[in-house]
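**Q** Got a structure for you, written out below as structure tokens; questions coming shortly.
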Amino acid sequence: MDSALWPIGVKRCHISKFLMGLSIAGVVLLWGVVGLILCWVKGLNQTHMNDYYGFALWIWADLAVIALGGGAFFTGLLRYIFGIRELKNIINYAVLIGFICYSSALLILAIDVGQPLRSWFIFWHANVHSMLTEVAFCLSCYFGVLTIEYIPLILENRQLNKVPFAHHLAHNMHHIMAVFAATGAFLSFFHQGSLGGVAGVLFGRPFAYREHILIWPYTFFLFTWSAAAYGPCFTLLITWLTEKISGKQLVKENVKQLLAKISGWMIFTYIIAKIADTVYWALVTAPSKGFTLMDFYSNNPIYGIWILIVEIGVCGVVPAWILVTPRLRANPKTRLIAIILGVIGVCLNRWVMVLQVMAVPVLSFDTWAMYYPSWQEVATTILPVAYGVILILISYRYLPIFPQEVELNPIEPSPSETVEAMNDAAAEDAMVSNGEPATA
Amino acid sequence: MKHVDSKAKKYGMVIDLDKCTGCGTCMVACMAENNVPFKKDETDKRLSITWMRVFKLTNGKPYPDNEICYLPRPCQHCEGQHTGHSPCVSVCPATATDYDSETGIVSQIYTRCFGCRYCMGACPYHARYFNWWDPVWPGEMEKYLNPDVSPRMRGVVEKCSFCYHRAQLAMEKAHVEGRKELKEKEYQTACTQACPAGAIVFGDLNNPEHEVHQVAQPDPHHHGRPKNPNAFRLLERLGTNTKVYYLSSREWVRRAGDNYLDSEGSASHE
Ligand code: SF4
Ligand code: SF4
């Protein structure tokens, strides 16, 4: 029914199946919207946050999706600036995932603040010394960059691309993409970093506080590094999921292996830095404030030392080892285990840097603060997931996200498609003869 | 009228924990003075707005050696390691909380705060409170609200202001009378005046004639660390450089004011 909108040379599931998928995600989305409206209309009393837990599930989700969306800027950097050509076969998907992650992050922030209508004060009355100001500026700008990167993809929809203006716009945007990729990488470096800085500058919270290099705490660098390292894991994970659900191979093995290898070496170097940071913090920074390492990991029901072991060992050292070892990386099973562990690891790190920071008592006569989210918080946190699924479903169906899909899944083209493809080729030829380049 | 430049003040407090009985009058006086809203159900203390909160400390020993101590905790009006680098002020993205270098008071601009709560996460004293609900006063109580203090709306953070409106009123009066300087007793916080045990003194820590200065003996070479051996500040080691000093003759109470490793001996001012 909608096959005229599909990319040329590919097959998609029946529209009813597609609509069914959309409706399931839609119901979840609706549930999230109910939670969102409640929070906006009735206020944040709809959550289980309190004066000890001013930062909770949402901020974690925010930090986590931004870290996971880091695959977009890092893959963009590798593709456009370092010129690793193979990655062009996965960059579209990385951009789409990044776009979903960042738009979700902005939405979550809009729910999280007590006076959403005043959110613009962060720009208007900006305190340039605050890490959150840096986050807000870079995040908004980078979301703009991601939108610009996503637009040509939309314009490449088979029908839209027939409109000469859309065709030329997409074409020209592709040409200057390196500029946006560089801008994106620059902005990402700062907002990923400043998100790390949000916790690292809290000198009133010895659990979070880290020493500084110039004005930036170590967490600034660790957050950027980890986003670049683990972000590609998430891109690979979602690609794997999409392949499983669509029942097709969409990206060639060598591309996956290459990204996994780069991610592996990044995790490897990151985890060395993280271990060094942890050792210094445990042996020097925290004791200078009167805390031992175990003060942060005892006398409470959840936050035991296991969390540090899982984060650094199981979800850091193990995936790094798997992904830098050629044999293990080449094996899809072990590679999948590594990328899942990587995704869990970075999410766990962000959890610790938000929720555990709030939980640890600082005053000697205070107690641990525990928290569990309300359904409204859970619903609004799942909302972006549902929204992401919907956007992926639509984008996958109608946009040429995976350049290798046609080659990897050859089908008999229908007569109408053959004619269309021939027309397209003729149009391209005409353009070439007009002195314009033929391919993006 | 002759203009004399007034010297920068550093308003602060000394709370004598040997005198404090834990009666909570300071908390009540503060709430009434500052139009602090309350709810029908205040059982969850982590949702209660208490600009001034009295903590109960214990030495953790069994009877008969068990001892307790009550510790009133207003906002500590931290100065940080350089002027205005308070934990909360330094992080607020919208400059909605500010450090006044003329008075040393950390202010809160309710109409600018957009409720991100970063400052709450930054304050190790839990002195900041979020308005999770709209403020509602039962029946006729609205008539009892203090006209000098603006009530806060839902979705913003509030905290102890050292009754700054009283400073403004006192300064206005002084201005009309052609004075630049306030007398010590001209500007006092509500809790100071209400405390039946006289446990709280308030004044300018920079002024050697003020009682707070004489009792705490802040050392200007060490970010105001008290020279009085019985005085201490909460979480001195974090570098928050607070303006609320506590007095106690009991070693365990002074030690409870900060965190120490087991290997570290007494709560000395290193
Ligand atoms: S006690 Fe807390 S709220 Fe008050 S100045 Fe210090 S950090 Fe800020
Ligand atoms: S809650 Fe208000 S005062 Fe606190 S950091 Fe955010 S904007 Fe600033």
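For the protein sequence lines, the chains are E and L, in the order given.
First residue of the first sequence: 62, per the working numbering; consecutive thereafter.
First residue of the second sequence: 72, per the working numbering; consecutive thereafter.
Each residue gets a CB set at the ideal place from its N, CA and C atoms; glycine is no exception.
For ligand 1, is there any heavy atom lying closer than 7 Å to the beta carbon of V107 of chain L?
**A** Here residue 107 of chain L corresponds to residue number 36 of the second sequence, with the count starting at 1. Flag unset: Cβ of V107 of chain L not near ligand 1.
**Q** Within 10 angstroms of its Cβ, does A65 of chain E collect 16 or more other Cβ (buried), or is it exposed?
**A** As a working note, residue 65 of chain E is residue 4 in the first sequence. Per the 10 Å Cβ criterion, exposed.
**Q** Excluding the 5 residues flanking L263 of chain E on each side, which residues of the same chain have their C-beta closer than 6 Å to its C-beta?
**A** The residue you call residue 263 of chain E lines up with position 202 of the first sequence. Answer for L263 of chain E: A269 and Y270, listed in chain order.
**Q** Are there any heavy atoms of ligand 1 lying less than 7 Å away from the beta-carbon of S157 of chain L, as far as the coordinates show?
**A** Residue 157 of chain L sits at position 86 when you count from the first residue of the second sequence. S157 of chain L: yes, Cβ under 7 Å from ligand 1.
**Q** Examine chain E for any beta-carbon lying closer than 8 Å to the beta-carbon of F185 of chain L, and answer yes or no.
**A** As a working note, residue 185 of chain L is residue 114 in the second sequence. With 8 Å as the cut-off, F185 of chain L counts as an interface residue toward chain E.
**Q** Touch check for the stretch 400-413 of chain E and the stretch 347-354 of chain E: three-plus C-beta pairs under 8 Å?
**A** Touching, no, given that fewer than three Cβ pairs across the two stretches are closer than 8 Å.
**Q** Cβ closer than 7 Å: which chain C residues qualify as neighbours of T166 of chain L?
**A** Structure shown: chain C not included; protein chains present are E and L.
**Q** With three or more C-beta pairs closer than 8 Å as the rule, is the stretch 146-158 of chain L touching the stretch 310-323 of chain L?
**A** Yes, since at least three Cβ pairs between the stretch 310-323 of chain L and the stretch 146-158 of chain L fall closer than 8 Å, the two stretches touch.
**Q** Cutting at 7 Å between CB atoms, please list the residues of its own chain near A327 of chain L, excluding the five before and the five after it.
**A** As a first step, residue 327 of chain L is located in the second sequence; it is residue number 256 there, counting from the start. Around A327 of chain L: L128.
**Q** Determine, using beta carbons only, whether Y341 of chain E comes closer than 8 Å to chain L.
**A** Residue 341 of chain E sits at position 280 when you count from the first residue of the first sequence. With 8 Å as the cut-off, Y341 of chain E does not count as an interface residue toward chain L.
**Q** Check whether the Cβ of T303 of chain E lies closer than 8 Å to any Cβ atom in chain L.
**A** For the purposes of this step, residue 303 of chain E is taken as residue 242 along the first sequence, with counting starting at 1. Answer no: the Cβ-Cβ gap between T303 of chain E and chain L never drops below 8 Å.
**Q** Does S180 of chain E get closer than 8 Å to chain L when you measure Cβ to Cβ?
**A** Working through the first sequence from its first residue, we reach residue 180 of chain E at position 119. So, interface residue.
**Q** Distance, Cα to Cα, G132 of chain E vs I336 of chain E?
**A** Taking the first sequence and counting its residues from 1, one reaches residue 132 of chain E at position 71. Taking the first sequence and counting its residues from 1, one reaches residue 336 of chain E at position 275. Computed Cα separation, rounded: 23 Å.
**Q** Quick check: what's the CA-CA separation for E210 of chain E versus G137 of chain E?
**A** As a working mapping, residue 210 of chain E is identified with position 149 in the first sequence. As a working mapping, residue 137 of chain E is identified with position 76 in the first sequence. Approximately 10 Å, taken between the alpha carbons.
**Q** Give every residue of the same chain whose Cβ lies closer than 8 Å to the Cβ of S172 of chain L, excluding the five residues on either side of it in the sequence, and list them in chain order.
**A** The residue given as residue 172 of chain L occupies position 101 in the second sequence. Taken in chain order, the residues that qualify are A79, T154 and G155.
**Q** For the putative contact between H229 of chain E and N222 of chain E, defined by C-beta atoms under 8 Å, what is the C-beta separation to the nearest angstrom?
**A** For the purposes of this step, residue 229 of chain E is taken as residue 168 along the first sequence, with counting starting at 1. For the purposes of this step, residue 222 of chain E is taken as residue 161 along the first sequence, with counting starting at 1. Contact doesn't hold; Cβ gap of about 10 Å is too wide.
**Q** Taking a contact to mean a Cβ-Cβ separation below 8 Å, would you say G258 of chain E touches V423 of chain E in this structure?
**A** As a first step, residue 258 of chain E must be located in the first sequence, where it is residue number 197. As a first step, residue 423 of chain E must be located in the first sequence, where it is residue number 362. It is not a contact, given that the beta carbons lie outside the stated cut-off.
**Q** Between the stretch 86-94 of chain E and the stretch 378-396 of chain E, are three or more C-beta pairs nearer than 8 Å?
**A** Counting Cβ pairs under 8 Å, fewer than three are found: no touch.
**Q** Reducing DSSP to helix, strand and coil, say where R304 of chain L ends up.
**A** Taking the second sequence and counting its residues from 1, the one referred to as residue 304 of chain L is at position 233. R304 of chain L falls in the coil class under three-state DSSP.
**Q** Please report how far the alpha carbon of K73 of chain L lies from the alpha carbon of E248 of chain L, in whole angstroms.
**A** Residue numbering aside, residue 73 of chain L sits at position 2 when the second sequence is read from its first letter. Residue numbering aside, residue 248 of chain L sits at position 177 when the second sequence is read from its first letter. Residue placement at K73 of chain L cannot be trusted, given a pLDDT of 45 that sits under 50; what the coordinates show is reported in the next sentence. Cα-Cα distance, rounded: 11 Å.
**Q** Should Q152 of chain L be listed as close to ligand 1, given that the test is whether its C-beta is under 7 Å from any heavy atom?
**A** Counted from its first residue, the second sequence places residue 152 of chain L at position 81. No, ligand 1 has no heavy atom inside 7 Å of this Cβ.
**Q** Does ligand 1 have a heavy atom nearer than 7 Å to the CB of K111 of chain L?
**A** Start at 1 with the first residue of the second sequence, and residue 111 of chain L comes out as number 40. No.
**Q** Going along chain L in order, which residues have a C-beta closer than 8 Å to the C-beta of V345 of chain E?
**A** By 1-based counting over the first sequence, the position of residue 345 of chain E is 284. By Cβ distance, chain L contributes nothing, its closest Cβ being about 12 Å from V345 of chain E, past 8 Å.
**Q** Which residue or residues does DSSP assign as beta-bridge partners of T179 of chain L?
**A** The residue you call residue 179 of chain L lines up with position 108 of the second sequence. First, the residue type needs correcting, since residue 179 of chain L is Gln and not Thr in the sequence shown. Answer is L:T168, bridged to Q179 of chain L.
**Q** With 8 Å set as the bound, which would you pick, yes or no: does the beta-carbon of Q176 of chain E sit closer than that to a beta-carbon of chain L?
**A** Numbered from its first residue, the first sequence carries residue 176 of chain E at position 115. Yes, because at least one Cβ of chain L sits closer than 8 Å to the Cβ of Q176 of chain E.
**Q** Give me the Cβ distance between Y200 of chain L and V228 of chain L, rounded to the nearest whole Å; I'm assuming they're in contact under 8 Å.
**A** For this step, residue 200 of chain L is matched to residue 129 along the second sequence. For this step, residue 228 of chain L is matched to residue 157 along the second sequence. That pair is a contact at about 7 Å.
**Q** I'd like to confirm something about F185 of chain L: is its beta-carbon nearer than 7 Å to some heavy atom of ligand 2, or not?
**A** By one-based count along the second sequence, residue 185 of chain L stands at place 114. Yes - ligand 2 has a heavy atom lying nearer than 7 Å to the Cβ of F185 of chain L.
**Q** Assuming contact is defined by CB atoms lying nearer than 8 Å, are Q253 of chain E and T285 of chain E in contact in what I supplied?
**A** Residue mapping note: residue 253 of chain E aligns to position 192 of the first sequence, counting from 1. Residue mapping note: residue 285 of chain E aligns to position 224 of the first sequence, counting from 1. Going by C-beta atoms, Q253 of chain E is nearer than 8 Å to T285 of chain E.
**Q** Under 7 Å from any heavy atom of ligand 1, does the C-beta of C94 of chain L make it?
**A** Taking the first residue of the second sequence as 1, we reach residue 94 of chain L at position 23. No - ligand 1 has no heavy atom lying nearer than 7 Å to the Cβ of C94 of chain L.
**Q** Please confirm whether M84 of chain L has its beta-carbon closer than 8 Å to some beta-carbon of chain E.
**A** Working through the second sequence from its first residue, we reach residue 84 of chain L at position 13. False, the Cβ-Cβ gap to chain E never drops below 8 Å.
**Q** On a CA-only basis, which of E:Q107, E:L193, E:M414 and E:T330 is nearest W382 of chain E? Give me that one, please.
**A** If you number the first sequence from 1, residue 382 of chain E lands on position 321. Out of E:Q107, E:L193, E:M414 and E:T330, E:T330 has the C-alpha closest to the C-alpha of W382 of chain E.
**Q** Can you grab the Cα-Cα spacing for the pair T296 of chain E / A288 of chain E, in whole Å?
**A** Indexing the first sequence from 1 puts residue 296 of chain E at position 235. Indexing the first sequence from 1 puts residue 288 of chain E at position 227. Roughly 12 Å separates the two Cα atoms.
**Q** Where E497 of chain E and W185 of chain E are concerned, what is the direct C-alpha to C-alpha distance, given to the nearest angstrom?
**A** Start at 1 with the first residue of the first sequence, and residue 497 of chain E comes out as number 436. Start at 1 with the first residue of the first sequence, and residue 185 of chain E comes out as number 124. Below a pLDDT of 50, predicted positions are generally treated as unreliable, and E497 of chain E, at 40, falls in that range; no measurement from the model is reported.
**Q** Given a cut-off of 8 Å, decide if A125 of chain E and C376 of chain E are closer than it, judged by their beta-carbon atoms.
**A** Reading the first sequence from its first residue, position 315 is the one you call residue 376 of chain E. Reading the first sequence from its first residue, position 64 is the one you call residue 125 of chain E. It is not a contact, given that the beta carbons lie outside the stated cut-off.
**Q** Quick one: grab the DSSP three-state call for Y196 of chain L.
**A** Position 125 of the second sequence, counting from 1, holds the residue named residue 196 of chain L. In the structure shown, Y196 of chain L sits in coil (DSSP, three-state: anything other than H, G, I, E or B).
**Q** Can you tell which of L:R144, L:N277 and L:A103 has the C-alpha that lies nearest to the C-alpha of K214 of chain L?
**A** Locating residue 214 of chain L in the second sequence gives position 143, where the first residue counts as 1. It is L:A103 whose Cα lies nearest to the Cα of K214 of chain L.
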